[in-house]
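Chemist:
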Amino acid sequence: MGSATTPARAATVHDAPDPGRPVIEIAAARTHYATPAGPLPVLDGVDLAVRPGEVVAVVGPSGCGKTTLLRVLQGLAPLDSGEVAVHGAAPGGAAETGYVFQQPSLFPWWNVRRNIEFGLKLRARGRRTSAAERRAQADRLLEIVGLTGFHDFRPAALSGGMQQRVNLARALAIDPAVLLLDEPFSAVDTLTRERLQRVLSRTLHALGTAAVIVTHDIREAVFLGDRVAVMSERPGRIVATFTVDHPRPRTEDFQHGEQLAAIAARVYRHLKDGDERAHAEQAAPAADAPHPEKRRAR
Amino acid sequence: MPASALTRSMPTGRRLRRLAVPPLSIAAGLALWQAAISVFHPNKLAVVGPWEIARDARRLFANGTLGADIRLSLVQLLCGLAIAVVAGTAAGVLLGASRWVAGAVGPWVTVLYTIPVIAVAPLVIVALGFGDAAKITIVVAAAFFPIAISTQAGAAAVTEGGLRDVTRAFRANSLETLWYLTLPGTAPHILTGVRLAIGRALIALVAADLFGSTSGLGYLIISGQQNLETSDVYVGVVTLSVIGLVLTGLVGYAERRITAARTARAGA
Ligand SMILES: Nc1ncnc2c1ncn2[C@@H]1O[C@H](COP(=O)(O)OP(=O)(O)O)[C@@H](O)[C@H]1O
Ligand SMILES: [Mg+2]
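As given, the protein sequences belong to chains A and B, one line each in that order. Note that full-length UniProt numbering has the first sequence beginning at 1, numbered continuously upward. Note that full-length UniProt numbering has the second sequence beginning at 1, numbered continuously upward.
(1) Could you tell me the distance, in whole angstroms, from the CA atom of A138/A to the CA atom of A173/A?
(2) Assign E25/A to buried or exposed, taking buried as 16 or more other Cβ atoms, counted over all protein chains shown, within 10 Å of its Cβ.
(3) Along the chain, where does the beta strand (DSSP E) that runs through P22/A open and close?
(4) What residues are listed by DSSP as bridge partners for T110/B?
(5) If we count the other Cβ atoms within 10 Å of its Cβ and call it buried at 16 or more, is L158/A buried or exposed?
(6) Can the beta-carbon of V55/A be found less than 8 Å from the beta-carbon of A264/A?
(7) Report all residues from its chain with a CB closer than 8 Å to the CB of D182/A; omit the five preceding and five following residues, and keep chain order.
(8) Residues around ligand 2, please: the ones whose beta-carbon is closer than 7 Å to some heavy atom of it, in chain order.
(9) Under the criterion of a Cβ to heavy atom distance below 7 Å, does V42/A qualify as lining ligand 1?
(10) Tell me whether C79/B counts as near ligand 1, meaning its Cβ is closer than 7 Å to at least one heavy atom of that ligand.
(11) Would a check of beta-carbon distances place V166/B closer than 8 Å to chain A?
(12) Is G236/B a contact residue of ligand 1, with contact defined as CB to any heavy atom under 7 Å?
(13) Is the Cβ of Y99/A closer than 8 Å to any Cβ of chain B?
(14) Give me the chain B residues within the contact set of R154/A, using Cβ-Cβ distance strictly less than 8 Å, ordered along the chain.
(15) With respect to the alpha helix (DSSP H) encompassing S130/A, which residues constitute its N-terminal and C-terminal limits?
(16) Can you say whether L271/A is buried or exposed, counting buried as having 16 or more other CB atoms within 10 angstroms of its CB?
(17) Just checking Y33/A against ligand 1 - is the residue's beta carbon closer than 7 Å to any of the ligand's heavy atoms?
(18) Return the residues of the segment 161-186 of chain A that lie within a Cβ-Cβ distance of less than 8 Å from chain B, sorted by chain order.
(19) Considering just the uninterrupted stretch of the alpha helix (DSSP H) at P41/A, what are its terminal residues?
(20) Does at least one heavy atom of ligand 1 sit under 7 Å from the Cβ of G63/A?
(21) Is G38/A close to ligand 1? I mean its beta-carbon at under 7 Å from any heavy atom of the ligand.
(22) Are L196/B and S150/B closer than 8 Å when you measure CB to CB?
(23) With a threshold of 8 Å between beta-carbons, can A87/B be considered close to chain A, or not?
(24) When the Cα of L43/A is compared with those of Y33/A, A49/A, A37/A and F242/A, which residue comes out closest?
(25) Within 8 Å of any Cβ in chain A, is that where the Cβ of F40/B sits?
(26) Is the closest heavy atom of ligand 1 to the C-beta of G60/A under 7 Å?
(27) Relative to ligand 1, is the shortest distance from any of its heavy atoms to the C-beta of R234/A smaller than 7 Å?
(28) Can you tell me where the beta strand (DSSP E) with Y99/A in it begins and where it stops?
(29) Can you look up L19/B in the DSSP assignment and give me helix, strand or coil?
(30) Does the CB of R18/B have a neighbour CB from chain A at under 8 Å?
(31) Out of curiosity, what's the CA-to-CA distance linking E206/A and V199/A?
(32) Can you list, in chain order, the residues of its chain whose CB lies under 6 Å from that of I37/B, leaving out five sequence neighbours each side?
(33) To the nearest angstrom, how far is the alpha carbon of R82/B from that of A90/B?
(34) L163/B CB to nearest chain A CB: under 8 Å?
(35) Taking C-alpha atoms, which residue in G161/A, G225/A and L180/A lies nearest to L191/A?
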């Protein structure tokens, strides 16, 4: 598995702790779904490598295979061919990956704290933690995601945005090497979504966790990612990668600034043209003129 | 506005009045019944009034037979229900978790569910004798199916729902998935099954006593019939109804508590 190649277009990443061995590598990945109408190819030669602490955002049209890509990385879906490795081993092995679902998917019968402790309680991987350790870890994460004081609440008593923060805390509680997020904020309103994006950026920075975040929201991708990978229509492959040269954690200024708008406009143009020959494109670090007519498209 | 919020915001006076309705209704019914007896004087072998039933109940209680009958029937009922809950939950979870099992065993469940317990009770007694084992077996046979069928529906919903992806993503093994997801997720369905099973179990218990017994509430009813002690029959029937009401009420309460805790929008 260690033979997976790093795509040559990976550019230097701002702020990455160690530009050494990738935590996640996937190369020439191909897979399909069996449907009544025959096999439906979904991934068609996907290459991606994520270094420790790096955040890669993947954008692509709906149905192109983004969720499938995350499921492969999590070890929930098999590959027809190609290589995938987490910390050099097959996914689903010893290396932990945290998964944040599109819908909050909390256990309705547990309060917030017990939901966050869930991953720590599982003995399946031989990791044993004491009740006090679990509690301390849950409280630490509640503080990080800004929910201190809500540990006793049941999920039904929380807003959608708060539930999604718990979801994030639950995935982070097991100290994963990589966090995989599947359109995590698509079900919340715009203001909440922008606040959650800042919470996520701060949290990943504070914990130094690498992440692959899948989204169809280009501005979200640019805001969160050290790099933005663009996927083609199904069967998906990564057709371009943009580097977002801005320090993390990122703030509201960046969220609504011209740099983000300019990069988002370039990503958008690329997505729209669907230019498969395009490869790594270094986004201009600053003041490109924003393209107001294109910004609408996110 | 959800119903629970309505209940909460209801003024105390109105809530008290609503709670008072069921007992008042029962009291009014008993009064009407007693009045009708005094006016029409029906055949005492067919109908007796609440006053006479109460007097007979006091007599039976004082000489110790009613207490012994209740104790024996409750033990048989609760043992049978306990076994049926364990077996029915296990069967329901298996049926709900695997389409293969559902396909292979599901038809058998449907067929066996429709067999009247009264038809097989004599066979069970022939096989197991007149003791507790036969009675408990008959109660289990009656209570098992509603629990298994209700649990199956719940387990299937949990197994195919989004939370299954969560346990998979966290790499829970099958025992952990059962313990942390399937059982808590199915708990309301299990309780619904138990609530439906209580009535069937009570009927089965009387049926079991019918085919040979020397004690128990079913025996009280049957010997009352044979000895033309009609008020004994009524005492047995009323006692069974009260047991059924109390048990069903307790299980229904647990059911509502569980559901409310999972869906309440306000507070912890
Ligand atoms: N279990 C499945 N069976 C058959 N087809 C599927 C299944 N899951 C997804 N697909 C199809 O595969 C394609 C990619 O799905 P997905 O990875 O969920 O896309 P995305 O997350 O990018 O919207 C879609 O066309 C979808 O309809
Ligand atoms: Mg998706």
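For each residue, glycine too, the CB sits at the ideal point set by N, CA and C. Predicted model only: the values in this text are computed from it and were never measured.
Modeler: By the coordinates alone:
(1) 7 Å
(2) buried
(3) Counting along the chain, P22/A falls outside any beta strand (DSSP E), and DSSP gives it neither H nor E.
(4) Its beta-bridge partners do not exist; DSSP assigns none.
(5) buried
(6) no
(7) K66, T67, L70, Y99, V100, F101, Q102 and V214
(8) K66/A, T67/A, Q102/A, D182/A, E183/A and V214/A
(9) yes
(10) Placement of the Cβ of C79/B at a distance of 7 Å or more from every heavy atom of ligand 1 is found.
(11) It does: the Cβ of V166/B has a partner Cβ on chain A nearer than 8 Å.
(12) Placement of the Cβ of G236/B at a distance of 7 Å or more from every heavy atom of ligand 1 is found.
(13) yes
(14) Listed along chain B are A261, R262, A264 and A268, each with a C-beta nearer than 8 Å to that of R154/A.
(15) No alpha helix (DSSP H) holds S130/A; DSSP gives it neither H nor E.
(16) buried
(17) yes
(18) Hits within the stretch, in order: I174.
(19) Counting along the chain, P41/A falls outside any alpha helix (DSSP H), though it belongs to the beta strand (DSSP E) covering G38 to V50.
(20) yes
(21) no
(22) yes
(23) no
(24) Y33/A
(25) no
(26) yes
(27) yes
(28) T97 to V100
(29) In the structure shown, L19/B falls within a helical segment according to DSSP collapsed to helix, strand and coil.
(30) no
(31) Checking the sequence shown, residue 206/A turns out to be Ala, not Glu. A206/A and V199/A: Cα-Cα distance of roughly 10 Å.
(32) Apart from sequence neighbours up to five positions away, the residues of its chain that approach I37/B with a beta-carbon distance below 6 Å are G49, ordered along the chain.
(33) Before going further, note that residue 82/B is Ala rather than Arg in the sequence given. Taking the straight line from one Cα to the other gives about 12 Å.
(34) yes
(35) G161/A
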